[in-house]
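*Asks:* Quick mapping for you: the protein sequence lines, in order, are chains A and B. Mapping to this note's numbering: the first sequence position 38 is 38, numbers consecutive. Convert by adding 1000 to the 1-based position in the second sequence; the result is the number in this note's numbering. The C-beta atom is built at its ideal place from N, Cα and C for all residues, glycine as well. Structure incoming, see below.
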Amino acid sequence: MPSALINVPAKAKRGSVIEIKTLMSHIMETGYRHTASGSVVPRDIITSFICRFNGKEVFRADLYPAIAANPFITFFTTVTESGKFEFEWIGDKGFSETTQASITVE
Amino acid sequence: MANSDHTTRRTFLSLTSGAAALVIVRPVDATPAMLSAAVRNVVGEADVHTGKVKLDIPPLVENGNTVPMTISVTSPMTADEYVKSIHVFNEKNPQPNIGNFYLGPRAGRAQVSTRIRLADSQKVTAIARLSDDTFWSATADVVVTLAACTEEAI
């Protein structure tokens, strides 16, 4: 069961730079490992992560098998108005998860 | 041996075939050629300068399966002068790419953190693309005691 952990401050001053921390539970199977019987474990990773604020993209990342399991990504953004952050993870085998977080700007 | 001073055709052939075998038999690593191809894919023909980028990664890690890494770029992050993207590469994982991060002037601070996998002790390189399309890089050496990717899945 995929689950996301998001850390966005609930309140911020207008124009300030805030840090956003995201963690998505995912195995991030590299496709380079073998089972005891010798068969390759097929690749199963998250390939892209997008963060939008009020519908506009503010951060995006392409992920490769070299990203550790349960991808943890932190980044910064400037807040100018109250609104909603949308986070989206897209991956192999039709993996797609979204979550949201609101922020009040004063 | 009497003929040890001059190389016979037979010894020459056995030496060269041995050398060829050494070149062919090597583990599945991203070769330096793959690394430079991956870098060229991002930067094109542009020069990559050293500086402006800070790559924060522990020099000695016990477990290559999860290595914390922070990349920050010196930039005012204004509408005219900002960091467009940050690209991270490695030398010896099966694939040369680690991740690409796309920012914009809105980011406010050009800093990204994540956790990566390292299959071997190696160099990690971060390249930042600025708004004027110049490229800046930083490289760090990491020693890994327990490599990622090698263990068997159950």
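With DSSP as the reference, please indicate the residues paired to B:Val-1142 in a beta bridge.
*Replies:* B:Gln-1122
*Asks:* Per DSSP, what kind of secondary structure is A:Met-28 in: helix, strand or coil?
*Replies:* coil
*Asks:* For chain B, find out if any of its Cβ atoms is closer than 8 Å to the Cβ of A:Val-17; answer yes or no.
*Replies:* yes
*Asks:* At a CB distance below 9 Å, what residues from the stretch 1098 to 1115 of chain B approach chain A? Give them in sequence order.
*Replies:* Ile-1098, Gly-1099, Asn-1100, Phe-1101, Tyr-1102, Leu-1103, Gly-1104, Pro-1105, Arg-1106, Ala-1107, Gly-1108, Arg-1109, Ala-1110, Gln-1111, Val-1112, Ser-1113, Thr-1114, Arg-1115
*Asks:* What residue ranges within the stretch 57 to 106 of chain A form continuous beta strand (DSSP E) runs of no fewer than 3 residues, ordered along the chain?
*Replies:* 72 to 78, 83 to 91, 96 to 105
*Asks:* How big is the Cα-Cα spacing for B:Lys-1054 and B:Lys-1123?
*Replies:* 14 Å
*Asks:* Where does B:Val-1039 sit, in a helix, a strand or coil, going by DSSP?
*Replies:* helix
*Asks:* Whether or not the stretch 1130 to 1140 of chain B and the stretch 61 to 68 of chain A are in contact is what I'm after, with contact meaning three or more pairs of Cβ atoms, one per stretch, closer than 8 Å; do they touch?
*Replies:* no
*Asks:* Using only CA atoms, which one of A:His-34, A:Tyr-32, A:Met-24, A:Phe-53 lies nearest to A:Thr-104?
*Replies:* Per the C-alpha coordinates, the member of A:His-34, A:Tyr-32, A:Met-24, A:Phe-53 positioned closest to A:Thr-104 is A:Phe-53.
*Asks:* Hey, how far is the Cα of B:Pro-1058 from the Cα of B:Val-1067?
*Replies:* Their backbone Cα atoms lie some 8 Å apart in a straight line.
*Asks:* Against chain B, does A:Thr-104 count as a neighbour if the rule is that its beta carbon must be under 8 Å from one of theirs?
*Replies:* no
*Asks:* Scan the stretch 1041 to 1067 of chain B for residues whose Cβ lies nearer than 8 Å to a Cβ of chain A and list them as they occur along the chain.
*Replies:* Asn-1065, Thr-1066, Val-1067
*Asks:* I'd like the span of the beta strand (DSSP E) that includes B:Pro-1068, first residue to last.
*Replies:* 1067 to 1073
*Asks:* How far does the beta strand (DSSP E) with B:Tyr-1102 in it reach, from first residue to last?
*Replies:* 1097 to 1102
*Asks:* Counting only the same chain and skipping the five closest in sequence on each side, list residues whose C-beta sits under 8 Å from that of B:Val-1043.
*Replies:* Counting only Cβ-Cβ distances below 8 Å, and skipping sequence neighbours, we find Ile-1127, Arg-1129, Phe-1135.
*Asks:* Please report the Cβ distance between B:Asn-1097 and B:Ala-1038, rounded to the nearest whole angstrom; I am assuming they are in contact, meaning their Cβ atoms lie under 8 Å.
*Replies:* For a cut-off of 8 Å, the C-beta gap from B:Asn-1097 to B:Ala-1038 is around 6 Å, short enough to register as a contact.
*Asks:* Residue range of the beta strand (DSSP E) that B:His-1087 falls in?
*Replies:* Taken as a continuous stretch (DSSP letters only), the beta strand (DSSP E) holding B:His-1087 covers 1083 to 1090.
*Asks:* Starting from B:Lys-1054, trace the beta strand (DSSP E) in both directions and tell me its first and last residue.
*Replies:* From DSSP, the beta strand (DSSP E) with B:Lys-1054 extends over 1053 to 1056.
*Asks:* Verify whether the separation of the beta carbon atoms of A:Gly-91 and A:Thr-47 is less than 8 Å.
*Replies:* yes
*Asks:* Let me confirm a value: A:His-26 is counted as buried when at least 16 other C-beta atoms fall within 10 Å, else exposed. Which label applies?
*Replies:* A residue is called buried once 16 or more other Cβ atoms fall within 10 Å of its Cβ, and A:His-26 is buried on that count.
*Asks:* Going by the beta-carbon positions, is the gap between A:Phe-59 and A:Thr-77 smaller than 8 Å?
*Replies:* Yes, Cβ-Cβ distance for A:Phe-59 and A:Thr-77 is below 8 Å.
*Asks:* At a Cβ threshold of 8 Å, is B:Pro-1027 touching chain A?
*Replies:* Any reading at B:Pro-1027 needs caution, since the residue's pLDDT is 48, under 50, leaving its predicted position unreliable; the model's value is listed next. With 8 Å as the cut-off, B:Pro-1027 does not count as an interface residue toward chain A.
*Asks:* Under DSSP, the beta strand (DSSP E) around B:Thr-1031 begins and ends at which residues?
*Replies:* That residue, B:Thr-1031, is in no beta strand (DSSP E); it is neither H nor E in DSSP.
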